[in-house]
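Here is the structure we will look at.
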Amino acid sequence: MERRRVIENANVIMATYEDPLLGDVQVYPEKGTVCENIINTCMNDQKDKLWPMLTKLGVTMKSDEKDLMGKPLMKCVMQTWLPASTALLEMMIFHLPSPSTAQRYRVENLYEGPLDDQYANAIRNCDPDGPLMLYVSKMIPASDKGRFFAFGRVFAGKVSTGLKVRIMGPNYVPGRRKIYM
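For the sequence shown, the working numbering gives the first residue as 11, with consecutive numbering after it.
See the structure below:
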C-alpha cells in the first residue's frame with residue numbers, strides 16, 4: 011500500500027503543475043504504465059514468473075540476489091533494472107522540452123511584468139546577452155555575515171562570481187525601494 015500512496019502523491023504533484031503542452035503525465039498502475047507486474051511478482055514471491063520477465067528485459071541477477079524475497083528482492087530488481095538516477099535523467103531528456111522551447115510559451119508563468127518588455131523578451135529567447143533574470147530557489151548564508159550563496163535557475167543573462175544582484179523576495183512590490191544585495 012505504500013507504493014500506492016507514493017504514486018498518488020506523485021500524481022497530486024503532477025496535477026498541481028500540469029502543463030497541457032506536455033500531455034497527460036499522470037501515472038496509472040492499473041493500466042500498466044508502471045512496472046507494477048514486476049513489483050507484484052517480487053512482493054508475492056512468484057520467482058517462477060519473475061525470472062522469465064527479467065530475462066526478456068535483459069536484467070541479470072547475481073546468484074546471491076536470487077535468494078532474496080519480498081521487499082529486498084523488489085528493491086534489488088528495481089535498482090538493477092531501472093536505477094533511479096538513470097530513469098529520471100532519461101525521463102527528463104525524452105519527455106521535457108528544452109529551455110529554449112519551454113520558455114517561449116512559459117514566459118507568462120515565469121515573469122509577472124509586461125510581456126513585451128526587454129525582460130520578458132530576454133526570458134522568452136533565453137538571451138545570454140540580455141538582462142540577468144533568474145529564479146533563486148535556495149539562499150545559504152555564507153560564513154561572513156551579510157553574504158549568501160544563492161542556488162537558482164538562470165532564464166536570461168549571465169551570472170559571474172562576485173556579481174551583485176537585487177533579490178526580489180516573495181513579498182516584493184514593484185516601485186517599493188526595499189533592496190537586498
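Every residue gets a Cβ at the ideal spot worked out from N, C-alpha and C, and that includes glycine.
Measure the beta-carbon distance from Thr90 to Val117 and round it to whole angstroms, keeping in mind my assumption that it falls under 8 Å. So it is not a contact: roughly 42 Å between Cβ atoms.
Rounding to the nearest angstrom, what Cα-Cα distance links Lys72 and Gly33 in this structure? Roughly 39 Å between the two C-alpha positions.
How about Val169 and Leu125: do their beta carbons lie closer than 8 Å? No, these two residues do not count as a Cβ contact at 8 Å.
The segment 130 to 145 contacting the segment 157 to 172, beta-carbon criterion three pairs below 8 Å: Yes: the two stretches touch, three or more of their Cβ pairs being nearer than 8 Å.
In chain order, each alpha helix (DSSP H) run of at least 4 residues that lies wholly inside the segment 23 to 108: If one requires a minimum length of 4 residues, the alpha helix (DSSP H) runs lying completely within the segment 23 to 108 are 46 to 53, 57 to 67, 80 to 91, 94 to 105, in chain order.
What's the gap between the Cα of Gln128 and the Cα of Pro151? C-alpha separation (whole angstroms): 31 Å.
If Thr10 sits next to Lys59, beta carbons under 8 Å apart, how far is it from one beta carbon to the other, in whole angstroms? Because the chain here runs from 11 to 191, residue 10 falls outside it and cannot be looked at.
Can you name the start and end residues of the alpha helix (DSSP H) that Ile133 belongs to? Residues 128 to 134.
DSSP state of Ile17, grouped into three classes? Residue state for Ile17 is assigned as helix, using DSSP reduced to three classes.
Exposure of Leu83, with buried meaning 16 or more beta-carbon neighbours within 10 Å: By the neighbour-count criterion, in which a residue is buried when 16 or more other Cβ atoms sit within 10 angstroms of its Cβ, Leu83 is buried.
Whole angstroms is fine: what's the gap from Trp61's alpha carbon to Gly179's? Cα to Cα, the separation comes out at about 54 Å.
Just to confirm, are Arg15 and Ile49 a CB contact at a threshold of 8 Å? Taking 8 Å as the Cβ cut-off, Arg15 and Ile49 do not qualify as a contacting pair.
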